[in-house]
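**Student:** Take 1 as the starting number for the sequence shown in full-length UniProt numbering and just add one per residue.
If you scroll down you'll find the structure; I have some questions about it.
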Amino acid sequence: MSQQTWFIIAMVIYLLAMLAIGLYSFRQTDEYDDYMLGGRGLHPFVAALSAGASDMSGWLLMGLPGAMYVSGFGQLWMPIGLLIGCWANWKWTAPRLRSYTEIADNSITIPSFLEKRLNDKSHGLRIAAGLIILVFFTFYVASGMVSGGKYFQSTFGGDYLVGMLVIACVTVAYTFIGGFLAVSYTDTVQGLIMFIALILVPTFALLHMHDAGSIWTYQTQHNYGFHEALSSNPHWFSLFNGVSFITAISGLAWGLGYFGQPHIIVRFMALRKPSEARSGRRYGVVWMSLCIIGATMVAVIGPSFFGQDPSIHIDDTVNYETIFLDMGQILFHPLIAGLILTAVLAAIMSTIASQLLVVSSALVEDIYNGLINKNASHKTLINLSRAAVIMVAVVAALLALDPNSQILNLVSFAWAGFGSAFGPMVVAALYWRRLNYQGALAGMVTGAVVAFVWGQWIVDTPFGNGLYEMIPGVICSTIAMIAVTLATPEPDKSITDGFDEASRLARVAEANPELNIATAQEKIEEGNIKA
């Protein structure tokens with residue numbers, strides 16, 4: 001059989017496996033809370049890998065190795081920032097958010113939690129948050145579909161539109177039938193595929209080379225790349241040489257975005273118990289660290305691997321983003337190579353699925369159930385959520401019809417926008433007793449607007465100087481939130497009492513791994529545990 005046939009067989013196996021997981025999850029999904037949040041029964045391993053897979057996307061397997069291949073270790077500032085942000089998010093946000101969302105009338109989305117936490121009777125927080133999620137995640141989903149179409153086109157030589165529709169339809173299918181559990185389970189499998197592929201490819205590449213030691217010197221002493229277009233760089237392995245302070249701080253700032261990404265922090269809300277955030281942190285940080293090391297080693301090995309053998313080359317001669325895929329095809333049997341290639345597909349699909357579910361929740365839970373029909377039955381809400389998944393997917397697919405669409409440029413903006421709009425507010429809602437809904441609303445709107453304006457019109461000017469919009473967005477959001485909160489009346493006693501109760505229960509549940517929120521409350525009331 002031809003190489004393309006083996007690749008197609010591998011992809012079909014993978015896609016059928018994803019649909020099978022969706023069908024399994026369908027049988028576990030009876031209630032609306034199950035569909036949107038898995039009934040708060042997610043194992044920390046599943047929560048950690050599904051969060052990581054929905055976060056990393058194709059950037060980890062294609063963007064990072066390609067950028068490092070061209071520029072060296074100076075590109076590591078962003079993954080370092082992301083790794084720190086991942087750890088901090090699991091450490092400080094996960095356990096408290098898991099506790100507080102259950103205490104706040106069992107909130108199953110971030111907008112509904114914020115409204116109940118701050119007793120916002122105007123519904124301004126819910127509406128603004130829901131609209132931000134709806135607009136930007138629709139474009140985010142579209143960018144994933146564009147990536148899927150281009151993946152199909154470059155890997156199988158197929159038609160862009162056909163590839164985009166196949167990938168979109170399978171992703172929509174398992175999200176539609178299985179909801180949150182299907183997305184979480186498939187994300188976990190996809191995270192494992194990404195992890196295994198990023199370990200296998202650089203390991204076998206080293207074993208394949210006749211002079212493995214040259215990987216540490218080749219790019220510093222030889223021109224490399226397409227027709228040796230990339231000049232040797234004696235500072236290739238330096239984090240600091242040739243890297244400006246603005247570049248380094250902008251890369252690190254990506255980590256700030258974690259606190260406000262709805263499709264990531266929703267996994268915290270679905271954990272079985274607050275204390276399991278500790279295990280989730282270990283799983284998530286170890287997975288992410290090893291994946292980044294694997295992607296880094298692909299870039300380190302690449303110049304020597306391709307430079308010493310003129311019979312092989314990298315297909316992408318501009319950005320070199322296919323280096324991981326090309327290594328896999330060279331090193332392995334076509335069926336194994338095809339399964340490795342599905343790692344990129346897994347990264348793309350996991351992100352699309354997570355975002356589809358969050359947009360669906362914004363439409364159904366935050367707008368329809370929260371504002372229009374608060375007494376809708378669970379069956380009605382599940383059906384509406386499934387309809388919302390299809391509707392958003394159709395709109396996103398229409399936006400993605402053009403393979404040269406500029407919506408891909410919105411990915412970094414969306415990360416900064418969500419991080420700026422929601423990040424400071426989520427942390428403050430969990431830890432600042434004085435916060436009121438006016439301050440939260442001001443911070444959310446300010447963060448989103450500043451991130452958008454800076455990213456679109458200021459970042460490339462002398463004033464912006466290339467500073468990533470996350471930094472001014474988070475700073476302005478925080479200032480606006482604090483200033484407006486302090487300038488407006490203090491929250492009602494019922495709100496501060498609720499905060500104190502939530503904080504107390506959270507501390508008890510975090511300190512006693514055997515307890516969930518309900519049993520912690522019972523133990524405190526019985527006087528068996530001191531809060």
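Here a beta-carbon is modelled for each residue, glycine too, at the ideal position from N, C-alpha and C.
Tell me whether L435 sits in a helix, a strand or coil according to DSSP, three-state version.
**Tutor:** Three-state DSSP puts L435 in coil, outside helix and strand.
**Student:** Assuming D326 contacts I336 under a Cβ cut-off of 8 Å, what Cβ separation, rounded to an integer in Å, is found between them?
**Tutor:** About 15 Å separates the two Cβ atoms, so there is no contact after all.
**Student:** Consider the C-beta atom of T171 and the heavy atoms of the ligand MG; say whether any pair is separated by less than 8 Å.
**Tutor:** You won't find the ligand MG in this model; it holds no ligand whatsoever.
**Student:** Helix, strand or coil: how does DSSP classify L114 here?
**Tutor:** Residue state, collapsed to three classes: helix.
**Student:** What residue range does the alpha helix (DSSP H) around H263 cover?
**Tutor:** First-last of the alpha helix (DSSP H) with H263: 262 to 269.
**Student:** Between the C-alpha atoms of G38 and F26, what's the straight-line distance to the nearest angstrom?
**Tutor:** Using only the alpha carbons, I get a separation of about 11 Å.
**Student:** Relative to the C-alpha of A173, which residue among Y24, L381, K91, S304 is closest?
**Tutor:** Residue Y24 is the option with its Cα nearest to A173.
**Student:** Rounding to the nearest angstrom, what Cα-Cα distance links V359 and S50 in this structure?
**Tutor:** Near 17 Å, if we compare the C-alpha coordinates of S50 and V359.
**Student:** Taking 8 Å as the threshold, find out whether the stretch 148 to 167 comes into contact with the stretch 372 to 379 through three or more Cβ pairs.
**Tutor:** No, the stretch 148 to 167 is not in contact with the stretch 372 to 379.
**Student:** How many Å lie between P95 and N106 at the Cα?
**Tutor:** When rounded, the distance between both Cα atoms is 15 Å.
**Student:** Kindly indicate which three-state DSSP category L15 falls into: helix, strand or coil?
**Tutor:** Residue state, collapsed to three classes: helix.
**Student:** Assign Y320 to one of three DSSP states: helix, strand, or coil.
**Tutor:** The answer is coil: DSSP assigns Y320 none of H, G, I, E or B.
**Student:** Quick check: the Cα distance between M444 and H123, rounded to an integer number of angstroms?
**Tutor:** Cα to Cα, the separation comes out at about 14 Å.
**Student:** Could you pull the start and end residues of the alpha helix (DSSP H) that V141 belongs to?
**Tutor:** Unbroken alpha helix (DSSP H) run through V141: 124 to 156.
**Student:** Does Y224 come out as helix, strand or coil in the three-state DSSP assignment?
**Tutor:** Looking at Y224 - three-state DSSP - the assignment turns out to be strand.
**Student:** To the nearest whole angstrom, what separates the beta carbons of I108 and M36, a pair I think is in contact under 8 Å?
**Tutor:** Their Cβ separation, rounded to whole angstroms, is 5 Å, which keeps I108 and M36 in contact under 8 Å.
**Student:** Start and end of the alpha helix (DSSP H) containing Q355?
**Tutor:** Element bounds for Q355: 334 to 361.
**Student:** Can you tell me which of R98, G72, Q75 puts its alpha carbon nearest to the alpha carbon of R267?
**Tutor:** If we check each option's Cα against that of R267, R98 comes out closest.
**Student:** To the nearest angstrom, how far is the alpha carbon of L230 from that of G307?
**Tutor:** Approximately 11 Å, taken between the alpha carbons.
**Student:** Determine the DSSP secondary structure at N233, reduced to helix, strand or coil.
**Tutor:** Of the three classes helix, strand and coil, the one that applies to N233 here is coil, per DSSP.
**Student:** Between the Cα of W87 and the Cα atoms of A277, G144, V453, E365, which residue gives the shortest distance?
**Tutor:** The candidate whose alpha carbon is nearest that of W87 is A277.
**Student:** So T342 and I193 are in contact, right, with Cβ under 8 Å, and what is the actual spacing, rounded?
**Tutor:** About 6 Å; that satisfies the 8 Å criterion.
**Student:** Opposite L42 in the DSSP bridges: which residues?
**Tutor:** L42 is bridged to L271.
**Student:** Apart from the five residues just before and just after L425, which ones in its own chain have a Cβ nearer than 6 Å to its Cβ?
**Tutor:** Looking at the sequence shown, residue 425 is not Leu but Met. For M425, where only same-chain residues beyond five positions count, the Cβ hits under 6 Å are A440, G443, M444.
**Student:** Which same chain residues, not among the five before or five after S54, have their C-beta less than 7 Å away from its C-beta?
**Tutor:** Around S54: D187, H263, I264, S350, T351, S354.
**Student:** Any chance the stretch 444 to 461 sits against the stretch 387 to 400, with 3 or more Cβ pairs inside 8 Å?
**Tutor:** No, they do not touch.
**Student:** According to the Cβ coordinates, are M56 and S250 closer than 9 Å?
**Tutor:** No, Cβ-Cβ distance for M56 and S250 is not below 9 Å.
**Student:** Quick check: F139 and L357, are their CB atoms within less than 9 Å of each other?
**Tutor:** Cβ atoms of F139 and L357: not closer than 9 Å.
**Student:** Would you identify the three-state DSSP class for residue 564, choosing helix, strand or coil?
**Tutor:** Residue 564 lies beyond the residue range present for the chain, which begins at 1 and ends at 531; the question has no answer from this structure.
**Student:** Identify, in the order they occur along the chain, each residue of the same chain with its Cβ nearer than 6 Å to the Cβ of A480, setting aside the five sequence neighbours on each side.
**Tutor:** These residues qualify, in order along the chain: A442, G443, T446.
**Student:** Take the Cβ of L486 as the centre, count every other Cβ of all protein chains shown within 10 Å, and call the residue buried at 16 or more, exposed below.
**Tutor:** Exposed, since its Cβ has fewer than 16 Cβ neighbours within 10 Å.
**Student:** Going residue by residue through the stretch 145 to 218, where are the continuous alpha helix (DSSP H) segments of at least 4 residues, counting only ones entirely within it?
**Tutor:** Entirely contained in the stretch 145 to 218, the alpha helix (DSSP H) runs reaching 4 residues are, in chain order, 160 to 208.
**Student:** Sort Y218, K273, A205, T203 by Cα distance to S232 and report the nearest one.
**Tutor:** Minimum Cα distance to S232 is reached at Y218.
**Student:** For my contact list, P65 and I323 are in at a C-beta cut-off of 8 Å; report their separation, rounded to the angstrom.
**Tutor:** About 5 Å separates the two Cβ atoms, so the contact holds.
**Student:** Within the same chain, show all residues whose beta-carbon is closer than 6 Å to that of L15, passing over the 5 residues directly before and after it, in chain order.
**Tutor:** Result list for L15: V170, in chain order.
**Student:** Distance check for S238 and F73, CA to CA, integer angstroms please.
**Tutor:** Rounded to whole angstroms, F73 to S238 spans 6 Å at the Cα level.
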